[in-house]
Each structure stands twice: as structure tokens, then as C-alpha cells.
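Numbering follows full-length UniProt numbering, in which position 329 of the sequence shown is assigned residue number 329; successive positions increment by one, without gaps. For glycine and all other residues, C-beta sits at the position ideal for the given N, C-alpha and C.
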Amino acid sequence: MLRCVWLRTMHRRRCSPASFLSTSSIPAAAMASPPPQLIVWAPSSADTAGLPTLDAASLYAASLLRAAALPFAVGTLQPLLHARAPLLEAHLSAVPLAHSPAEFKALALAALDGAGSSSGSSSSSSRAPVLQAPQPAHAALAALLERSLAPALLHAQWFTPLFATHTFSAYAAGLSWPRSRSAPHRLRAALRPELARRMRELGLGEALQETKEQEAKERDEVARRAGIRLRKGLSEQEKRQTQEKFGEAKFIEHARSVLQTVATALGSDEYFDGASGPSPLDIQLFSLLAPLLLPPSYEALATSPLAQLLRSFPTLEAHTARLRSLLWPTRVAADGGLEAVDWPALPGDDVAAGPGVAYTVGHAAGSVWAFGASLPDRIASSFSSRRTAATQPTAPAEPPHVRAQRRRILWGRAVWIGTAIVGVVFTAFASGLLSIEFVDDEDDEDEGYVVLEEADGVLRPAQVRRVESDDEEELEEGEEEDEDEEGEEEQLGVEAEDGWEVQTEVDEEEELDFAFVDDDDE
């Protein structure tokens with residue numbers, strides 16, 4: 001273990017399973033040290049779920065170590081210490097031993113091959129290894145579980161109503177407030193892009209209703225800000241219900257086909273290929289199905305469509321229950337509940353509480369001190385980089401052909417914009433949206449006009465009279481008045497007409513002649 005720590009510090013290399021199990025350079029005092037700690041998500045108890053964790057990846061790692069009879073303790077993820085889970089680290093040293101499924105599998109198989117026979121792990125534990133070596137035919141089924149079944153189960157846990165009723169409370173367990181409220185949502189947000197890609201590869205994009213609703217909200221918000229009113233056929237609720245039903249039906253049909261293939265491969269045997277014990281493939285299937293089948297205290301799982309589908313395969317349900325009783329046995333406690341039988345130390349146990357708190361506080365303080373010690377170097381490097389950037393020479397001038405090409409692009413843009421404007425204006429005129437009318441400059445509001453006449457070499461306004469036209473009703477009412485005035489109008493030689501009448505110099509001479517004739521008659 002000390003040699004492994006030195007390699008991690010000096011060469012930045014992760015400890016291999018062989019170095020973890022080898023005891024050639026480990027003193028006897030180190031062999032009696034506490035077992036490594038497995039950091040998991042969603043830790044649970046035997047009375048609550050009958051499993052040490054409800055996270056599929058964490059349950060796979062814990063079950064592999066358990067089947068290989070490797071001792072370990074279960075711990076919860078600390079934000080200042082751990083960047084991922086599941087993670088197997090040395091006790092009180094923060095040295096990672098394994099964190100990926102392949103590394104956990106290699107660690108368990110190394111113990112199976114007898115590399116840990118001299119490490120004292122079997123003597124310190126009352127359990128014997130039950131893990132069997134994988135068969136070549138298991139690779140295809142393992143790939144099917146990873147690529148086809150795992151995304152479907154993750155979608156059911158994180159992006160269906162099961163998240164609010166089951167997954168959130170399961171993953172919030174073991175975390176302190178306020179992290180217990182935010183961590184499940186952050187995990188969900190981090191899982192969304194990768195799961196969406198994998199679901200689309202499987203042709204199950206319609207099942208991603210939660211992601212589609214988020215995209216629709218963003219699209220509607222952009223349209224609202226732009227002042228665009230989107231045309232919609234069915235109501236949002238009707239479209240959502242239709243998409244949910246179609247996506248759920250397609251999702252269930254896909255899961256049914258995969259489970260049917262796995263159930264056919266398992267047959268009536270207890271384990272795959274009729275082995276006497278579980279292989280890594282059996283444990284992989286167990287870790288995927290157990291969080292949805294075994295927890296007895298979550299009523300939401302009883303109404304989950306996927307959980308109901310899993311219960312329609314009795315061979316798979318029996319396989320899951322068999323592995324639970326083999327790896328994580330329980331018994332009835334005095335109070336009527338369930339209690340664990342020879343389980344590793346859980347986060348709530350008193351055994352791991354004391355050193356865990358001290359280790360967390362000490363490691364956090366060390367991280368803060370290391371950051372403070374490196375702060376002057378970071379500031380100095382920042383200033384040096386700024387000075388280096390300031391002293392860098394300016395970029396050379398562009399070649400002539402580049403400038404000519406940019407000029408052609410600018411001219412092309414200008415011509416395109418001008419053509420677009422002319423086209424819009426021409427379309428407006430052609431469609432009748434715009435029209436041009438020419439109106440004569442006539443002032444209809446004028447009462448009359450002025451006629452100039454020359455008299456004695458001087459221009460003066462002529463006498464102008466306005467004869468207004470009356471309406472038909474006014475003419476009928478004033479017929480009698482018109483008859484009385486006819487005599488006077490005949491004497492003046494003026495005929496009443498609609499419009500304007502101008503009395504010229506000739507009219508005045510005629511009137512004077514009539515006047516002279518009347519005088520002669522008298």
C-alpha cells in the first residue's frame with residue numbers, strides 16, 4: 001500500500017489490482033489496517049431497501065467486491081474529496097484503487113485467480129469467493145445490457161414520474177442538507193445529454209418527453225421575445241399526452257424485446273451457462289434490475305410500468321432475488337424489520353463514523369492549505385502570461401489577394417441587399433399594397449374666383465355674384481318665391497343658373513340702353 005501511494009505521488013499512476021492485492025512489500029501492520037472504502041451514491045439499509053445502495057453502477061461495484069470476498073466499507077461521496085462515484089479508495093489516504101466498471105471487474109477477477117490468496121483477505125472474512133470466471137459468450141450479452149437495457153432503465157429512473165416519487169429520495173439519503181436537495185438534480189442534468197444521445201441511437205427519441213418539453217419552452221420563449229405568434233394545432237396538453245403515450249409504448253416494447261433475449265439466454269438455469277456461481281454478467285444483470293424490483297418500502301415502484309414489465313419475467317425476477325440472498329443476506333430483526341447479515345460497514349454505522357469525520361476534516365483542511373500555498377505562484381504566472389501577451393508583436397498585414405477577396409465579398413453583400421430592397425418595393429407596387437395618385441390642385445373650399453377687367457386703362461375686379469344651387473326640397477318649398485322674382489330677373493336681363501354669374505361691361509351697357517329707352521318712352 002505504501003509503495004502504491006509513492007507511485008501515485010511521484011509518477012501520477014493509478015494502483016493496479018495486482019499491486020493492491022500483492023503483499024510482497026506490505027508490512028504486517030499494514031495488513032491489519034482497516035479495509036478500503038467504497039464511495040457510492042444512494043446508500044441504503046437492509047430494512048429500507050434490502051440493498052447497500054440503489055445506484056446501479058455503485059451496486060455493480062459493491063456486488064463484484066462482495067462476490068470476490070474482498071473486504072471494504074461503504075461511504076458516501078464528499079464534495080471536497082471525491083469527483084465521482086463509485087470509487088474505491090485506500091483507507092484514510094484518498095488513493096483511488098478503482099473507479100470504472102472495467103477496473104472493478106479486473107480487481108475482482110484478480111482476487112478470483114488467486115492473486116489475493118496471500119493477502120489475508122479470505123482469512124479476515126468469513127465469506128468465501130463465489131464469483132465465477134466469465135465465458136467468451138458473455139461478451140455479447142454484456143454489451144446488450146450496457147447499450148440497450150441500461151439506457152432504458154436509467155430513463156425510467158431519472159426522466160419519468162418515478163424520479164420525484166422514488167429516485168430523488170433514494171439519492172438524497174446519506175447526504176447532508178442542502179446537498180441532499182441539489183445533488184439529485186445535478187446528477188439528472190449531467191445525465192441528460194449522454195442519455196439523450198444513447199436513447200436516440202436506440203430509436204427511442206420519442207420517449208424523451210422531459211427533454212422535448214424543455215426545448216419547446218425555450219422555443220416559445222424565443223418566439224415570444226421576437227413578437228412571433230406560433231401557429232398551433234392541438235393544444236399543448238393534448239400533444240403532450242399523445243407524445244407521452246406513443247413514447248411510453250415504444251419504450252416498453254424495446255425493453256420487452258431486450259428482456260426477452262436475456263431471459264432466453266438464461267433459460268431455466270440459476271446462472272448463465274449453468275455455472276455454479278454468479279459471473280460478472282450475472283452481477284451486471286442483478287445491479288440493473290435490483291433497484292427496480294427489490295426495494296419493498298417504495299410504493300411508487302409498484303405502479304411503475306417498467307417494474308410491472310420486469311415482474312412479467314419470472315426467471316429474471318427469481319435470478320435477482322437469488323443473487324440478493326447470496327450476496328446481501330438479511331434476517332428478521334427483533335422489531336419485525338430486516339437487518340443485514342455480515343454486510344460491510346455502512347455510512348450510518350458507528351464503526352466508520354469517527355475516522356470518517358476526522359479524515360474528511362483533515363483532508364479538506366489540507367486541500368485549502370494547498371490551494372492557499374499555490375495561490376502566489378498562480379498570481380505570478382497570471383501576471384507573467386499577461387506581460388508575455390503584451391510584448392507579442394502585432395499580426396502582419398494581410399496579403400493583397402486577401403484584401404481583394406474581402407472587398408469582393410463586401411460589394412457582393414451590398415449588391416445583394418440593394419437587390420432585395422428593390423425586389424420588396426417592386427412587389428409592394430405590383431401587389432397593390434402601394435399606389436401613386438396624381439390629384440389636381442383645385443381648392444374646392446373657395447367661395448368664388450376673381451375676374452379682372454380693364455376700365456379706363458386700370459385693371460379692377462369685375463362684379464361677381466354667387467348663385468347657389470338649392471336642394472330639391474328647398475326648390476319645391478321656394479317655387480312661389482321664384483315666381484315673384486321672375487319679373488325682376490327679366491328686367492335685369494339676368495338668368496338664374498347654378499354656379500357663378502359674372503356681370504361684364506357689355507351687360508352694364510345693355511342695362512344703360514334699356515334705361516335710356518325707358519326715358520324716351522316717358
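Nearest neighbour of residue i, chosen from the options [CA to CA]
i: A190; options: W158, E201 and S180; result: W158
i: P278; options: A56, T53, P129 and H91; result: P129
i: residue 523; options: L145, T242 and I283; result: Outside the displayed span of the chain (1 to 522) sits residue 523, for which this structure offers no information.
i: G336; options: E299, T48 and P35; result: T48
i: H155; options: A111, L112, L202 and S45; result: L202
i: A137; options: D282, Q78, A321 and P34; result: D282
i: L293; options: L323, F272 and D273; result: L323
i: L289; options: L77, S169, D55 and S45; result: D55
i: H99; options: P399, L77, R407 and G267; result: L77
i: A142; options: G432, R406 and A265; result: A265
i: R200; options: F251, R181, S169 and R188; result: F251
i: E299; options: G274, L433 and T167; result: T167
i: D267; options: P101, F429, P193 and H319; result: The amino acid at residue 267 is misidentified as Asp; the sequence shows Gly. Among P101, F429, P193 and H319, the Cα nearest to that of G267 belongs to H319.
i: L153; options: V425, L259, P96 and P52; result: L259
i: Y171; options: P52, A414 and A249; result: P52
i: S257; options: E194, H82 and L309; result: L309
i: P280; options: L338, I436, F429 and F104; result: F104
i: A110; options: S44, A94, A196 and L131; result: L131
i: A46; options: V262, A333 and L433; result: A333
i: S287; options: P43, S431 and A57; result: A57
i: E261; options: T427, E194, L149 and R188; result: In the sequence under discussion, the amino acid at residue 261 is Thr, which differs from the Glu named in the question. Among T427, E194, L149 and R188, the Cα nearest to that of T261 belongs to L149.
i: L112; options: A67, A102, H91 and A139; result: A67
i: S44; options: A340, R127, P184 and E317; result: A340
i: S169; options: E244, Y271, P101 and P295; result: P295
i: P34; options: A90, Y271 and F246; result: A90
i: P134; options: L433, D273 and A414; result: D273
Beta bridge counterpart(s) of residue i as assigned by DSSP
i: L338; result: V332
i: Q37; result: A73 and E89
i: A98; result: L88
Where the alpha helix (DSSP H) through residue i begins and ends
i: Y171; result: F168 to A172
i: L285; result: P280 to L293
i: I421; result: P400 to A430
i: P178; result: Careful: P178 lies outside any alpha helix (DSSP H) and carries neither H nor E.
i: S325; result: P314 to L327
i: L153; result: A150 to W158
i: P305; result: P305 to L310
i: A345; result: A345 -> no alpha helix (DSSP H), and no H or E assigned at all.
i: A142; result: H138 to L144
Check: residue i C-beta below 6 Å from any heavy atom of the ligand ADP
i: L289; result: Inclusion of the ligand ADP in the displayed structure is not the case, the ligand content being empty and no account of it being possible.
Original post:
Do three or more CB pairs link the region 328-346 to the region 65-78 at distances below 8 Å?
Top reply: Result yes; three or more Cβ-Cβ pairs closer than 8 Å.
Subject >> Meets three-Cβ-pair contact criterion under 8 Å: the region 79-96 and the region 35-51 >> reply: Flag = yes, the region 79-96 and the region 35-51 touch.
Original post:
Of all the alpha helix (DSSP H) runs that stay within the bounds of the region 39-95, which reach a length of 4 or more residues?
Top reply: DSSP runs (the alpha helix (DSSP H)) wholly in the region 39-95: 56-67.
Original post:
Between the region 57-68 and the region 323-332, are three or more C-beta pairs nearer than 8 Å?
Top reply: Counting Cβ pairs under 8 Å, three or more are found: they touch.
Original post:
Pairing CB atoms from the region 146-165 with CB atoms from the region 298-313, are three or more of them under 8 Å?
Top reply: Touching, yes, given that three or more Cβ pairs across the two stretches are closer than 8 Å.
Original post:
Okay, do the region 306-320 and the region 172-190 touch, 3+ Cβ pairs below 8 Å being the bar?
Top reply: The answer is no - the region 172-190 does not touch the region 306-320, with fewer than three Cβ pairs under 8 Å.
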